[in-house]
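Worksheet: one structure, shown below.
Okay, here's the thing in structure tokens:
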């Protein structure tokens with residue numbers, strides 16, 4: 016198991032410096048669990064950590080053999096966090112990582128990260144602070160955050176990175192220093208240059224999650240596109256990109272609507 020040396024003593028004091036201890040940990044508060052992963056919130060004294068454990072059903076192990084199959088496990092998240100830090104992006108602090116393999120195929124993996132204190136998800140931050148009507152100062156602040164988000168997205172993509180779950184719930188803001196943090200990066204990947212497909216997917220996810228808050232206007236979206244493009248005028252190529260993004264947003268909306276209908280039918284049964 017890999018452990019961030021800054022946290023080794025703390026983990027030892029709490030008996031969590033061994034892989035099996037984290038693998039079998041049953042304390043804390045369970046935030047999420049499905050057949051692929053679980054997330055627990057752990058308090059160690061005054062500090063808060065998140066333990067994310069990934070489970071690999073047999074079918075998923077076989078799929079991982081395919082070199083074209085993008086990895087979505089703890090190792091990928093660990094490496095993505097390290098990469099983001101090295102490139103100057105703000106993200107979670109990697110504390111520990113471990114995995115088990117069988118005949119070179121993943122079976123189980125985990126990451127431990129520390130809480131981003133004072134940071135809040137943008138999906139709750141925007142409605143809390145920018146619900147209309149807005150004062151002139153609030154309008155300026157809202158525009159500043161939109162531009163900051165656009166620049167973050169552009170810088171991420173200019174470095175060949177695509178998040179793949181690029182929703183406002185996976186971007187945090189810390190008001191005391193106005194820093195944005197990227198979280199939940201187990202699906203993030205790096206290429207020499209981001210593909211049009213990946214760029215559209217990321218920006219459509221962001222646009223879709225923003226649209227669901229009911230506080231952003233078409234002018235706000237246009238402002239985001241201008242800031243992302245880094246230009247006061249949009250080229251024909253970028254206008255085509257924007258059109259593709261909006262089409263993808265509609266597909267995401269249909270997919271989510273179908274998913275909700277299936278969930279309701281399942282609950283009725």
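Numbering (the working numbering), first residue to last: 16 to 284. In this text, a Cβ means the ideal position worked out from N, Cα and C, and glycines have one as well.
| query | result |
| --- | --- |
| Range of the contiguous beta strand (DSSP E) that encloses residue 67 | 62–70 |
| Residue 166 - DSSP class collapsed to helix/strand/coil | helix |
| Length of the line joining the Cα atoms of residue 206 and residue 87 | 16 Å |
| For residue 209 and residue 175, believed in contact at Cβ under 8 Å, the rounded distance | 6 Å |
| Residue 126 and residue 112 closer than 9 Å at C-beta | yes |
| Whole-Å CB distance - residue 68 paired with residue 53, under 8 Å assumed | 5 Å |
| Sequence-distant residues of the same chain with beta carbon closer than 7 Å to residue 133, five excluded per side | 189, 191 |
| From 168, 108, 268, residue whose alpha carbon lies closest to that of residue 227 | 268 |
| Collapsed DSSP secondary structure at residue 177 in the structure displayed | strand |
| Nearest candidate by alpha-carbon position, reference residue 212, set 255, 17, 237 | 255 |
| Boundaries (first-last residue) of the beta strand (DSSP E) holding residue 207 | Element bounds for residue 207: n/a, residue is neither H nor E. |
| Three-state secondary structure assigned by DSSP to residue 45 | strand |
| Close Cβ partners of residue 258 (< 8 Å) along its chain, the five nearest in sequence each way excluded | none |
| Backbone secondary structure at residue 126 - three-state DSSP | strand |
| Inter-stretch contact at 8 Å, needing at least 3 Cβ pairs: the region 29–43 / the region 91–98 | no |
| Cβ neighbours of residue 199 in the same chain (closer than 7 Å, five flanking residues each side left out) | 180, 185 |
| Host beta strand (DSSP E) of residue 108 (start-end) | 108–117 |
| Stretch pair the region 137–144 + the region 113–124: three plus CB contacts closer than 8 Å | no |
| Where residue 198 falls: helix, strand or coil (DSSP) | coil |
| Residue closest to residue 218, alpha-carbon to alpha-carbon, out of 183, 45, 109 | 183 |
| Per-residue DSSP class, three states only, for residue 264 | helix |
| Other residues of its chain near residue 46: CB distance less than 6 Å, five sequence neighbours each side excluded | 54, 56 |
| For residue 105, three-class secondary structure by DSSP | coil |
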